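Peer 1: Encoded as structure tokens, here's the structure I'll be asking about.
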Amino acid sequence: MAVTVPPALIVLTPGGLALALRLAEGLPDAEIHGLAARVPEAAICFDSVATHLRALFAAGRPIVGVCAAGVLIRALAPALADKRTEPPVVAVAEDGGAVVPLLGGHRGGNALARRIADHLGIAAAITTAGDARFGVALDDPPAGWRLADARPVKRFTASLLGGATVRLEGEAGWLGDSGLPFDAHGALTIAVTDRAAASTAERLVYHPARLAVGVGCERDAEPAELVDLVRRTLDDHGLAAGAVAAVVSIDLKADEPAVHAAAAALGVPARFFDAAALEAETPRLANPSDRVFRAVGCHGVAEGAALAAVGPSGDLVAPKTKSRRATCAVSRAPEILDACALGRPRGSLAIVGIGPGAAVWRTPEANAALAAATDLVGYDRYLDLLGPVAGDATRHPYALGEEEARCGAALDLAAAGRVVALVSSGDPGIYAMAALVFELLDREGRADWHRAAVTVVPGISALQAAAARVGAPLGHDFCAISLSDLLTPWSAIERRLRAAAEADFVVSLYNPVSRRRNRQLGAARDILAGHRPPDTPVVLARNLGRDGERVEVVRLADLTADRVDMLTVVLVGASDSRVVARPGGGRWVYTPRGYAAKRDDAEDAAQ
């Protein structure tokens with residue numbers, strides 16, 4: 215099968231990083247993972263080679279190790295179980311002189327190794343018998359082709375290696391160009407068809423992806439109903455599910471769960487056309503409907519979408535079939551369809567928290583969302599922090615203060631079918647972009663925005679990072695309060711400060727000062743000081759995870775505006791927060807949760 219999950223490029227030395235950066239030019243979706251002690255510049259850093267490799271392997275992630283093959287073998291040997299499910303693992307010599315697929319050769323490993331070798335201008339060391347002998351992996355067809363059943367391939371290949379010849383029914387250039395022993399009277403057969411057929415040890419069946427399944431449904435139709443209708447339509451017309459390139463529909467259905475369920479059931483993408491594109495197919499429809507036209511602006515959704523997908527040279531092979539709340543039709547193209555070129559996908563918007571900025575503080579989910587994005591939207595400073603993980607995505611930078619404009623732009627791009635990452639520092643749900651995106655969705659009520667898939671990808675918040683740097687000041691109940699009164703009246707902020715002070719919360723103060731606003735921090739200090747001692751520890755954490763990071767601990771009584779700026783997070787301890795001297799200088803801060811009282815109670819009970 216083709217590799218569809220982005221590979222992880224594993225580097226252990228600076229020399230390995232140089233080659234990985236070169237490889238990334240040919241593998242633009244790859245992520246570079248580096249050993250933290252030696253390659254801190256990598257997009258993702260790890261401390262334990264074996265632990266990190268096994269985690270990637272268990273997650274099904276293709277691994278390209280720019281290192282000795284033995285490193286990969288020793289690390290992954292305990293994790294080997296079923297070769298039918300293992301992801302590709304490829305070893306690349308650090309000097310770029312050798313590329314060897316170690317595992318998952320017929321699950322994309324050989325193809326990945328060839329791709330890397332082609333980029334380096336060398337030959338991959340393919341060792342699997344069929345590939346080496348005939349130059350083709352029968353159980354790993356190229357994109358656009360699917361094997362009806364992979365189970366007979368082993369016996370089929372064994373027969374070929376034993377001297378049997380094979381005849382080809384149908385056309386497939388990738389097979390014709392191979393070294394297979396073709397003979398018009400061969401004992402074995404390879405069949406190319408979009409009709410439903412079974413593979414055997416003597417006859418392999420390959421399906422070219424040239425069918426488009428058009429669907430329509432009522433709003434919130436049951437996914438199971440549409441999935442069943444699609445399967446029945448294919449079965450009734452003798453068509454192979456493996457020959458389907460895409461499930462297609464009108465763009466008004468881009469957010470319809472049933473449509474995406476049908477696509478997922480077939481293992482293909484869902485693509486969408488606007489009403490005008492479907493209306494242009496009206497002369498070719500078998501079942502045009504004025505009622506459908508009045509509802510959505512075209513005379514047929516299922517048939518129209520199916521025909522739009524295959525183009526003017528394609529034809530309708532399964533006219534519209536109805537269930538209670540859904541419709542389905544199937545068309546055939548003369549050639550294999552590139553699903554990515556059909557209509558457009560459902561757009562998506564990931565609101566991504568990148569943490570305080572350091573690459574090591576970005577979660578794997580955040581890195582994956584950033585790597586998958588076609589478009590990156592955000593404050594220009596945050597986009598600059600992304601480094602290599604930004605890849606070739608189009609940047610849409612905005613200045614500080616243009617928050618609503620950047621959220622609206624991100625939603626517009628997603629509505630147009632783009633894969634968008636809206637970049638936020640820290641956690642996007644804490645004084646950041648996520649709330650504003652949902653406010654715009656709520657306030658504007660735009661149907662095209664609502665059709666996009668919106669997700670929130672959490673990040674390490676500034677308060678978490680600050681607490682980690684200094685110990686455990688958030689060990690007991692805490693809250694966060696922004697001192698900015700640009701959007702919130704100061705009277706409301708004061709009420710919250712008093713409530714937090716009276717409740718004796720540890721308080722994280724965001725937006726403590728700015729160039730035009732510095733009185734609020736002093737006012738907050740005075741309110742909090744009315745309910746806790748003057749020597750209460752206060753953590754001032756600036757530029758966390760970036761150049762110029764500074765973390766210091768001061769007394770509440772000594773907290774003044776000239777000590778902080780907008781890049782500073784202020785953590786004010788509770789009345790029982792404590793300071794502990796660190797060996798070698800500095801201080802830890804922690805807030806006890808009550809374990810001492812629990813221990814005392816246990817001791818009293820024991821006496």
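For the sequence shown, this note's numbering gives the first residue as 215, with consecutive numbering after it. Every residue gets a Cβ at the ideal spot worked out from N, C-alpha and C, and that includes glycine. All values derive from a computational prediction rather than experimental measurement.
What is the rounded straight-line gap between the Cα of R505 and the Cα of G569?
Peer 2: About 51 Å.
Peer 1: Once DSSP output is grouped into helix, strand and coil, what is the label at E436?
Peer 2: Residue state, collapsed to three classes: coil.
Peer 1: Give every residue of the same chain whose Cβ lies closer than 8 Å to the Cβ of L235, excluding the five residues on either side of it in the sequence, and list them in chain order.
Peer 2: Excluding positions up to five away in sequence, the list reads I246, P602.
Peer 1: What residues in its chain sit with their C-beta under 8 Å from that of T379, if we drop five residues either side in the sequence?
Peer 2: Taken in chain order, the residues that qualify are P395, F396, D397, H399, G400, A401, L402.
Peer 1: Based on DSSP bridge pairs, tell me the residues matched to Y804.
Peer 2: Per DSSP, A686, R792.
Peer 1: Tell me the DSSP secondary structure of P292 in three-state form.
Peer 2: Three-state result, P292: helix.
Peer 1: Using the three-state DSSP reduction, which class does C512 fall into: helix, strand or coil?
Peer 2: Three-state result, C512: coil.
Peer 1: On the three-pair Cβ rule with 8 Å, is the segment 638-647 touching the segment 668-677?
Peer 2: The segment 638-647 is in contact with the segment 668-677.
Peer 1: With DSSP run on the structure shown, which of helix, strand or coil describes C542?
Peer 2: The answer is strand: DSSP assigns C542 an E or B state.
Peer 1: Enumerate in chain order the residues of its own chain whose CB-to-CB distance from D353 is below 7 Å, with the five nearest sequence positions on each side excluded.
Peer 2: If we look at D353 and ignore the five residues flanking it on each side, its Cβ neighbours are H320, L361, A364, V367.
Peer 1: Counting C-beta neighbours from all protein chains within 10 Å, is the total for T805 16 or more, i.e. buried, or is it exposed?
Peer 2: Classification of T805: buried, given that the 10 Å Cβ count is 16 or more.
Peer 1: Let me know if C554 comes out buried or exposed under the rule of 16 or more other beta-carbons within 10 Å of its beta-carbon.
Peer 2: Per the 10 Å Cβ criterion, exposed.
Peer 1: Pairs of beta-carbons, one from the segment 539-554 and one from the segment 434-453, closer than 8 Å: are there three or more?
Peer 2: Yes, since at least three Cβ pairs between the segment 539-554 and the segment 434-453 fall closer than 8 Å, the two stretches touch.
Peer 1: Since A219 contacts P276 with CB under 8 Å, what's their CB separation in whole angstroms?
Peer 2: Per the sequence presented here, residue 219 reads as Val, with Ala not at that position. Right, their Cβ atoms sit about 6 Å apart.
Peer 1: Ordered along the chain, which non-local residues of its own chain (more than five positions away) have a Cβ less than 7 Å from that of A337?
Peer 2: Taken in chain order, the residues that qualify are A331.
Peer 1: Excluding the 5 residues preceding and the 5 following N324 in the sequence, name in chain order all residues of the same chain whose CB lies nearer than 6 Å to its CB.
Peer 2: P315, I340, D345, A351.
Peer 1: Is it right to say A216 is buried, meaning 16 or more other beta carbons lie within 10 angstroms of its own, or is it exposed?
Peer 2: Legend: pLDDT at A216 = 41, less than 50; position of this residue unreliable, value from coordinates given subsequently. It counts as exposed.
Peer 1: Looking at the unbroken alpha helix (DSSP H) that takes in C621, where does it start and where does it end?
Peer 2: Unbroken alpha helix (DSSP H) run through C621: 617-629.
Peer 1: From what residue to what residue does the alpha helix (DSSP H) around S373 run?
Peer 2: Unbroken alpha helix (DSSP H) run through S373: 367-375.
Peer 1: Identify which residue in F271, G279, V280 has its Cα closest to the Cα of T299.
Peer 2: Taking only the C-alpha atoms, the option nearest T299 is F271.
Peer 1: If contacts are defined as beta-carbon pairs under 8 Å, then P228 and V263 qualify, I think. What distance do you get, rounded to the angstrom?
Peer 2: That belief does not hold up - the Cβ atoms of P228 and V263 are roughly 16 Å apart, past 8 Å.
Peer 1: Say whether the segment 434-444 touches the segment 527-540, bearing in mind that this needs 3 or more beta-carbon pairs closer than 8 Å, one atom from each stretch.
Peer 2: Yes, since at least three Cβ pairs between the segment 434-444 and the segment 527-540 fall closer than 8 Å, the two stretches touch.
Peer 1: E470: buried (16+ other C-beta within 10 angstroms of its C-beta) or exposed?
Peer 2: So E470 ends up on the buried side.
Peer 1: What is the DSSP secondary structure of V574, reduced to helix, strand or coil?
Peer 2: The answer is helix: DSSP assigns V574 an H, G or I state.
Peer 1: Flag this pair as touching only if the segment 454-465 and the segment 408-424 have three or more C-beta atom pairs under 8 Å; answer yes or no.
Peer 2: Result yes; three or more Cβ-Cβ pairs closer than 8 Å.
Peer 1: Starting from G230, follow the alpha helix (DSSP H) in both directions and report where the run begins and ends.
Peer 2: That run of the alpha helix (DSSP H) goes 228-240.
Peer 1: According to DSSP, which residues form a beta bridge with E245?
Peer 2: DSSP output for E245 lists A222 as bridge partner(s).
Peer 1: By DSSP's criteria, K536 is part of a beta bridge. Which residues make up the other side?
Peer 2: DSSP, once it has assigned bridges, lists T541 as partnering K536.
Peer 1: Quick one: complete alpha helix (DSSP H) runs, 4+ long, within the segment 301-354?
Peer 2: DSSP runs (the alpha helix (DSSP H)) wholly in the segment 301-354: 323-334, 343-348.
Peer 1: Is DSSP giving A555 helix, strand or coil here?
Peer 2: Helix, per DSSP.
Peer 1: Among the candidates G605, A604, A623, G284, whose CA atom is the shortest distance from the CA of Y612?
Peer 2: The shortest C-alpha separation from Y612 is found at A623.
Peer 1: If I measure Cβ to Cβ from G518 and keep anything under 6 Å in the same chain, skipping five residues before and after, which residues do I get?
Peer 2: Within the same chain, G518 has close Cβ partners L492, E495, C512.
Peer 1: What are the boundary residues of the beta strand (DSSP E) that F487 is part of?
Peer 2: Counting along the chain, the beta strand (DSSP E) containing F487 begins and ends at 484-487.
Peer 1: CB-CB under 6 Å to G592, same chain, minus the five flanking residues each way: which ones, in chain order?
Peer 2: Taken in chain order, the residues that qualify are V637.
Peer 1: Using the three-state DSSP reduction, which class does I707 fall into: helix, strand or coil?
Peer 2: Note: I707 maps to helix in three-state DSSP.
Peer 1: Quick one: using the 10 Å Cβ neighbour count with 16 as the cut-off for buried, is A282 buried or exposed?
Peer 2: By the 10 Å Cβ count, A282 comes out exposed.
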